[in-house]
Amino acid sequence: MATKLVALGCIVYGAAETGRVDVLVNNVGHGTYGAVEDVPMDEARRRREVNVFGAARLTQLVLPHCVADRGRSSPAGCTAWPSTRGPHAPTHRLHRTALVTHPAPHRGEPVPLLAPGVIHIAISKTNNAYLIEGDDGLTLVDVGSGKAVDLLLRTMTELGRDPADLNRIVLTHAHPDHVRGAPALREHTGARVLIHAADAAWLSDGRVPSDGRSSPAARWFDQLPAAHWTPFKADATVEDGELIAGSGGLRVIHTPGHSPGHIALLHEPTRTVLVGDAVFHARLLGYGPATFAAEPAARASGAARIPTDVTAVGFGHGAPLTGPGVDAFQAFLAKQR
6 MATKLVALGC IVYGAAETGR VDVLVNNVGH GTYGAVEDVP MDEARRRREV
56 NVFGAARLTQ LVLPHCVADR GRSSPAGCTA WPSTRGPHAP THRLHRTALV
106 THPAPHRGEP VPLLAPGVIH IAISKTNNAY LIEGDDGLTL VDVGSGKAVD
156 LLLRTMTELG RDPADLNRIV LTHAHPDHVR GAPALREHTG ARVLIHAADA
206 AWLSDGRVPS DGRSSPAARW FDQLPAAHWT PFKADATVED GELIAGSGGL
256 RVIHTPGHSP GHIALLHEPT RTVLVGDAVF HARLLGYGPA TFAAEPAARA
306 SGAARIPTDV TAVGFGHGAP LTGPGVDAFQ AFLAKQR
């Protein structure tokens, strides 16, 4: 009871003094060593109470003060070593990252700021979207599946923005993992959907047509319901070299190959390029599976149209690159020229 009162008192005092709780380090934990069969069950239960439920209770006490500042908690711990008797987790860490330049958490982590005005949103373990602060509101690049819509809406809210601030959705190409959520997100926000004219007809079809893939395996995949989306029409089309009005400086770069109308987008104010699926970053840089491309042989020439004088790179699939990592991207593009 004394320990509980001390913990509660420290949390209340800290929150009252600062108005927030940024980081909680939990050093309460204990364990004993020896054979598992030698530990009394009462001792094991008490250790579990301290090491696991104690950490969970601290999370409950801290979370309201974190949420008030749009934060989140993230408990983590270690399990027992083979020679440890009973649950042993002295290193449980409860942390809430101070959200200053990365203000909106998603999937338990702060949203990474790829560049000033360009936010990277991991909409799944493999797919990315990008939110750009524009002249007249927000622009979203790619949407992902229907399941991503709630995450995108929540992210905008946690950024302190009304979802109605989303004025446009720019699709890099018409593949299901990039467009399936677009109709629902447009309905929620009123945003206009933009895509290159060469891919626009695919949106109305609700699927990739048979001539949009280079292999029988991909054409078979496109017959599955999982590869279909609710048919919809784009509100406008974009073309190579166009500066999208109101987007905060997004310049269209036509990069055909993965699909006929595939585009990359250069955020000119920060020299950040969003390449969609023109280039994949799956440990190594490459073009992704040729199976799902419309014209695999055209992908290199399409990627060669992407500028190399950039400061950050966002991919449709794979972790973005900044700083020294951009050098590898520049070297990759140099080989395509």
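Taking my numbering, I'd label the letters of the sequence shown as residues 6 to 342.
Just so you know, even glycine gets a beta-carbon here, dropped at the ideal spot from N, CA and C.
Only a predicted model underlies this, so the values are computations on that prediction, with no experimental measurement involved.
(request) May I have the straight-line CA-CA distance separating glycine 251 from aspartate 140, to the nearest angstrom? (result) Whole-angstrom Cα-Cα distance: 5 Å.
(request) Go ahead and pull the three-state DSSP assignment for phenylalanine 320. (result) Coil.
(request) Using alpha carbons as the reference points, say which of Gly186, Thr194, His286 and Ala153 lies closest to arginine 166. (result) In terms of CA proximity to arginine 166, Thr194 leads the group Gly186, Thr194, His286 and Ala153.
(request) Compute the distance between the beta-carbons of alanine 303 and glycine 262, then report whether it is under 8 Å. (result) Contact flag set, yes.
(request) Give me the Cβ distance between alanine 134 and valine 148, rounded to the nearest whole Å; I'm assuming they're in contact under 8 Å. (result) Indeed they touch by this definition, with Cβ atoms about 6 Å apart.
(request) Tell me whether arginine 185 is buried or exposed, calling it buried when 16 or more other Cβ atoms sit within 10 Å of its Cβ. (result) Looking at its Cβ environment, which holds 16 or more other Cβ atoms inside 10 Å, arginine 185 is buried.
(message) Just verifying my parser: in three-state terms, what is the DSSP assignment at valine 331?
(response) Valine 331: helix per DSSP, three-state reduction.
(message) Using a Cβ-Cβ cutoff of less than 8 Å, which residues in the same chain neighbour glycine 253 once the five nearest sequence positions on both sides are dropped?
(response) Excluding residues within five positions, the ones whose Cβ falls inside 8 Å are Gly122, Ile137, Glu138, Gly139, Asp140, Thr144, His272 and Pro274.
(request) Buried or exposed for tryptophan 225, please, with buried defined as at least 16 other CB atoms from any protein chain shown within 10 angstroms of its CB. (result) Classification for tryptophan 225: exposed.
(request) Starting from glutamate 138, trace the beta strand (DSSP E) both ways and give me its first and last residue. (result) Secondary structure note for glutamate 138: its beta strand (DSSP E) is the uninterrupted segment 133-138.
(request) Look at threonine 260 and glycine 307 and say whether their C-beta atoms are less than 8 Å apart. (result) Between threonine 260 and glycine 307, the C-beta spacing is below 8 Å.
(request) Please state whether DSSP places histidine 259 in a helix, a strand or coil. (result) Per DSSP, reduced to three states, the secondary structure at histidine 259 is strand.
(message) I want to know whether the segment 286-293 touches the segment 215-234 - three or more CB-CB distances under 8 Å.
(response) Short answer: they don't touch.
(message) Need the endpoints of the beta strand (DSSP E) that leucine 190 sits in, please.
(response) Unbroken run through leucine 190 is the alpha helix (DSSP H), 187-194; no beta strand (DSSP E).
(request) Output the boundary residues of the alpha helix (DSSP H) element that contains glycine 246. (result) Glycine 246 -> no alpha helix (DSSP H), and no H or E assigned at all.
(request) Note down the Cα distance separating alanine 339 from threonine 313, rounded to an integer number of angstroms. (result) One C-alpha to the other measures close to 8 Å.
(message) Short of 8 Å in beta carbon distance, which residues of its chain neighbour isoleucine 126, apart from the five on each side in sequence? Order them along the chain.
(response) Around isoleucine 126, the same chain offers His111, Val116, Asn133, Ala134, Tyr135, Leu136, Leu156, Leu157 and Thr160 as residues with beta carbons nearer than 8 Å, after the five sequence neighbours per side are excluded.
(message) Please tell me whether, using a cut-off of 7 Å, the distance from the CB of tryptophan 207 to the nearest non-hydrogen atom of the ligand ZN is below it.
(response) Ligands displayed in this structure: none; no statement on the ligand ZN is therefore possible.
(request) Give every residue of the same chain whose Cβ lies closer than 6 Å to the Cβ of serine 264, excluding the five residues on either side of it in the sequence, and list them in chain order. (result) Counting only Cβ-Cβ distances below 6 Å, and skipping sequence neighbours, we find His178, Asp204 and Ala299.
(request) Would you list the one or two residues that DSSP bridges to valine 146? (result) In the DSSP output, where bridge partners are listed per residue, valine 146 has Tyr135 and Val175.
(request) Taking aspartate 240 as the reference, give the member of Gly330, Phe337, Leu118 and His201 with the closest Cα. (result) Considering only alpha carbons, the answer is His201.
(request) Note the first and the last residue of the continuous alpha helix (DSSP H) segment covering alanine 127. (result) Not the alpha helix (DSSP H): alanine 127 falls in the beta strand (DSSP E), residues 123-127.
(request) Mind checking which residues open and close the beta strand (DSSP E) that includes histidine 183? (result) Premise fails: histidine 183 lies in the alpha helix (DSSP H), 181-184, not in any beta strand (DSSP E).
(request) State buried or exposed for threonine 405, treating a residue as buried only when at least 16 other CB atoms are found within 10 Å of its CB. (result) This structure cannot settle anything about residue 405, because the visible part of the chain is limited to 6 through 342.
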